[in-house]
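Residues in the sequence shown are numbered from 6 upward in steps of one, following the working numbering.
Working notes, structure below.
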Amino acid sequence: SKIETFSIPASLVELEDGWNLNMNKLMKIDLSPQNPIYSKLNEKIIVKKSSPNSEIFDEIFFCCQRKVTLPNHIKKLDPCSCINVKYIEFLENSQLQIIDENCFDDALMNEEIILPDSVTKIGKKAFNNCKLKRFIISQNSQLEFIGESAFSSCLSLKEIVIPSSITTLKNNAFNNCSSLEYVSFES
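Printed below as a string of C-alpha cells:
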C-alpha cells in the first residue's frame with residue numbers, strides 16, 4: 006500500500022487486528038487528543054488501552070520508530086504493530102506478555118533477541134522473515150504458546166531452545182528456516 010499517513014479521530018475507538026497489514030510505508034498517525042482508547046507515547050509510537058475502563062495504555066498499537074526500547078509497562082504488542090521496527094530491546098523488568106500475529110513481519114534486523122520471561126504467547130508469523138540468528142528464551146520463561154509460522158523464513162536463525170513451560174507449538178513454527186541447526190526442548 007502507498008498509505009503514508011493515517012488519521013484516528015476521537016470517535017474511532019476500535020480498529021480490528023491487522024488493520025495496517027501491508028502498510029509498510031505508513032510512517033505517521035494523526036491522533037485526536039480526545040480519543041479515549043489511543044494515545045501517543047511519542048511522535049512515533051501509538052499506545053492503546055487493553056480495556057476501555059483501564060487508565061493505563063499498556064499495548065503498542067503502532068510503532069514507526071526504527072529503534073525501540075520497549076517501556077516496562079507494555080503488556081502486549083498488537084498484530085502488525087511493529088512492522089517498521091528494525092531493532093528492539095526489552096528491559097530487564099519487562100511486563101510484556103503477548104507478541105501478537107505478524108508483529109515484526111519482515112522487519113527486525115536484530116541478530117539476537119532475549120525474550121522477556123513474562124511473555125506467554127508468540128503469535129502467528131510474529132517474527133516472519135526477520136534477520137534473527139539467535140532467539141534466547143531463559144529457563145525462567147513463562148512462554149506457553151508459539152503460533153503457526155511464528156519464525157518462518159528467518160533464514161539466519163541458527164538455534165532456539167524451547168522452555169519446559171511451552172504447552173502449544175503450532176504448525177510450521179520454523180518453516181523455511183534454512184540455517185536452523187539446533188532446536189531443543191528443556192525438560
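The C-beta atom is built at its ideal place from N, Cα and C for all residues, glycine as well.
Predicted, not measured: the structure shown is a model, and the values here were computed from it.
From the listed residues Asn77, Ser184, Asn115 and Lys91, the smallest Cα separation to Gln102 is found for Asn77. Apart from sequence neighbours up to five positions away, the residues of its chain that approach Gln144 with a beta-carbon distance below 7 Å are Pro168 and Glu191, ordered along the chain. The beta carbon of Val18 sits closer than 6 Å to those of Ile42, all from its chain and outside the five residues before and after it, given in chain order. Between Thr125 and Glu149 the beta-carbon gap is near 5 Å, inside 8 Å, which marks them as a contact.
DSSP lists no bridge partner for Arg71. Per DSSP, Asn47 is one residue of the beta strand (DSSP E) stretching across Tyr43 to Asn47. Ranking Ile141, Phe132, Thr173 and Ile142 by CA distance to the CA of Asn180 puts Phe132 first. Across the structure, Cys69 and Leu31 are spaced so that their CA atoms are roughly 8 Å apart. For Glu117, the three-state secondary structure derived from DSSP is strand. With contacts defined as CB atoms closer than 8 Å, Ile142 and Leu174 fail to qualify as a contacting pair.
Your pair Lys91 and Ala112 checks out as a contact, with CB atoms roughly 6 Å apart and the cut at 8 Å. In summary, Lys53 is buried, with 16 or more beta-carbon neighbours lying within 10 Å of its beta-carbon over all protein chains present.
The residue from Ser154, Lys72, Asn89 and Asp122 with its alpha-carbon nearest to that of Asn176 is Ser154. Bounds of the beta strand (DSSP E) holding Phe11 are Thr10 to Ile13. If you check the CB distance, Leu82 and Ile104 come in under 8 Å. The alpha-carbon of Lys7 is positioned some 14 Å away from that of Trp24.
For Lys54, the uninterrupted beta strand (DSSP E) run begins and ends at Ile50 to Lys54, by DSSP. Collapsing the DSSP output to three states places Val124 in coil. The beta-carbon distance between Ile79 and Glu64, rounded to whole angstroms, is 7 Å. This is short enough to meet the 8 Å contact definition.
In this structure, Pro14 sits near Ser37, with a CB-CB distance shorter than 8 Å.
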